[in-house]
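So the sequence shown is numbered by this note's numbering: it starts at 880 and just counts up by one.
Worksheet: the structure to be examined is printed underneath.
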Amino acid sequence: MQNNESLSESDINRIIEMAWEDRTTFDAIESQYGLKEQKVKELMRERLKSSSYKLWRKRVYGRKTKHLSKRDFTVGRHKSYDHNKF
880 MQNNESLSES DINRIIEMAW EDRTTFDAIE SQYGLKEQKV KELMRERLKS SSYKLWRKRV
940 YGRKTKHLSK RDFTVGRHKS YDHNKF
(Lines of atoms letter the chains of each structure in order from A and count residues from 1; the text may use other names and numbers.)
(Lines give C-alpha, C1' and ligand atoms only; values in the text may rest on other atoms or scores of the structure.)
Protein backbone atom coordinates (compact mmCIF):
# COMPACT_ATOMS: atom_id res chain seq x y z
CA MET A 1 0.00 0.00 0.00
CA GLN A 2 1.34 3.39 -1.01
CA ASN A 3 1.31 6.31 1.33
CA ASN A 4 0.98 9.94 0.36
CA GLU A 5 4.74 10.51 0.47
CA SER A 6 5.46 7.85 -2.18
CA LEU A 7 2.87 9.16 -4.65
CA SER A 8 3.96 11.50 -7.41
CA GLU A 9 2.24 14.83 -7.89
CA SER A 10 0.54 13.51 -11.04
CA ASP A 11 -0.72 10.46 -9.09
CA ILE A 12 -2.14 12.71 -6.38
CA ASN A 13 -3.83 14.91 -8.98
CA ARG A 14 -5.34 11.83 -10.64
CA ILE A 15 -6.60 10.47 -7.29
CA ILE A 16 -8.27 13.82 -6.56
CA GLU A 17 -9.82 13.81 -10.02
CA MET A 18 -11.09 10.25 -9.56
CA ALA A 19 -12.48 11.09 -6.12
CA TRP A 20 -14.49 13.99 -7.60
CA GLU A 21 -15.96 11.76 -10.32
CA ASP A 22 -19.34 10.41 -9.27
CA ARG A 23 -18.99 7.03 -10.96
CA THR A 24 -15.42 6.25 -9.89
CA THR A 25 -15.55 4.06 -6.79
CA PHE A 26 -13.20 4.12 -3.84
CA ASP A 27 -12.53 0.48 -4.74
CA ALA A 28 -11.17 1.57 -8.13
CA ILE A 29 -8.87 4.11 -6.47
CA GLU A 30 -7.68 1.44 -4.04
CA SER A 31 -6.98 -1.07 -6.80
CA GLN A 32 -4.98 1.46 -8.83
CA TYR A 33 -3.17 3.35 -6.07
CA GLY A 34 -3.48 1.23 -2.94
CA LEU A 35 -5.29 3.92 -0.95
CA LYS A 36 -8.31 2.90 1.11
CA GLU A 37 -11.32 5.21 1.42
CA GLN A 38 -10.08 6.78 4.67
CA LYS A 39 -6.68 7.61 3.14
CA VAL A 40 -8.39 9.19 0.12
CA LYS A 41 -10.44 11.34 2.50
CA GLU A 42 -7.26 12.36 4.35
CA LEU A 43 -5.53 13.20 1.05
CA MET A 44 -8.51 15.29 -0.05
CA ARG A 45 -8.57 17.11 3.31
CA GLU A 46 -4.84 17.90 3.01
CA ARG A 47 -4.91 19.02 -0.62
CA LEU A 48 -8.23 20.84 -1.03
CA LYS A 49 -9.36 24.14 0.39
CA SER A 50 -11.58 23.66 3.41
CA SER A 51 -14.70 24.77 1.53
CA SER A 52 -13.91 22.46 -1.41
CA TYR A 53 -13.35 19.52 0.92
CA LYS A 54 -16.67 20.14 2.68
CA LEU A 55 -18.47 20.37 -0.67
CA TRP A 56 -16.85 17.11 -1.81
CA ARG A 57 -17.74 15.30 1.43
CA LYS A 58 -21.33 16.49 1.12
CA ARG A 59 -21.49 15.08 -2.43
CA VAL A 60 -19.84 11.77 -1.56
CA TYR A 61 -21.60 11.06 1.74
CA GLY A 62 -24.00 8.17 1.30
CA ARG A 63 -23.62 8.10 -2.49
CA LYS A 64 -24.15 4.57 -3.80
CA THR A 65 -21.97 5.08 -6.87
CA LYS A 66 -18.82 5.67 -4.78
CA HIS A 67 -19.04 2.19 -3.23
CA LEU A 68 -18.93 -0.83 -5.52
CA SER A 69 -20.81 -3.06 -3.07
CA LYS A 70 -23.69 -0.56 -2.77
CA ARG A 71 -24.29 -0.14 -6.51
CA ASP A 72 -27.51 -1.47 -7.95
CA PHE A 73 -26.03 -1.75 -11.45
CA THR A 74 -22.99 -3.32 -13.04
CA VAL A 75 -20.43 -1.39 -14.98
CA GLY A 76 -19.61 -2.69 -18.40
CA ARG A 77 -18.23 -1.36 -21.61
CA HIS A 78 -20.27 1.30 -23.33
CA LYS A 79 -21.69 0.24 -26.67
CA SER A 80 -23.02 2.88 -29.02
CA TYR A 81 -26.47 2.55 -30.55
CA ASP A 82 -24.86 3.25 -33.93
CA HIS A 83 -22.39 0.41 -33.54
CA ASN A 84 -22.73 -2.15 -36.35
CA LYS A 85 -25.67 -0.38 -37.97
CA PHE A 86 -25.75 -0.43 -41.73
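Backbone N, C-alpha and C define an ideal beta-carbon position, used for all residues, glycine too.
Nearest-angstrom Cα distance between residue i and residue j?
{"i": "I895", "j": "S931", "result": "12 Å"}
{"i": "M837", "j": "S910", "result": "The requested residue 837 does not occur in the structure, where the chain is confined to residues 880 to 965."}
{"i": "I908", "j": "K915", "result": "8 Å"}
{"i": "R893", "j": "T903", "result": "12 Å"}
{"i": "Y940", "j": "D901", "result": "11 Å"}
{"i": "I891", "j": "K920", "result": "12 Å"}
{"i": "S929", "j": "F905", "result": "21 Å"}
Kindly indicate which residue of the options has the alpha-carbon position closest to the one of residue i.
{"i": "Y885", "options": "A907, T904, T903 and G913", "result": "Reading off the sequence, residue 885 comes out as Ser, not Tyr. Checked all of A907, T904, T903 and G913; the closest Cα to S885 is G913."}
{"i": "K918", "options": "A898, S929 and T903", "result": "A898"}
{"i": "E888", "options": "K933, R926, W935 and E921", "result": "R926"}
Taking the beta carbon of residue i as the centre, do at least 16 other beta carbons fall within 10 Å, making it buried, or is it exposed?
{"i": "M880", "result": "Low confidence applies here, because M880 scores a pLDDT of 45, under 50, leaving its location unreliable and the question unanswered by this model."}
Hey, is residue i's beta-carbon within less than 8 Å of any beta-carbon in chain B?
{"i": "T903", "result": "Although the question refers to chain B, the structure presented lacks it and comprises just one protein chain."}
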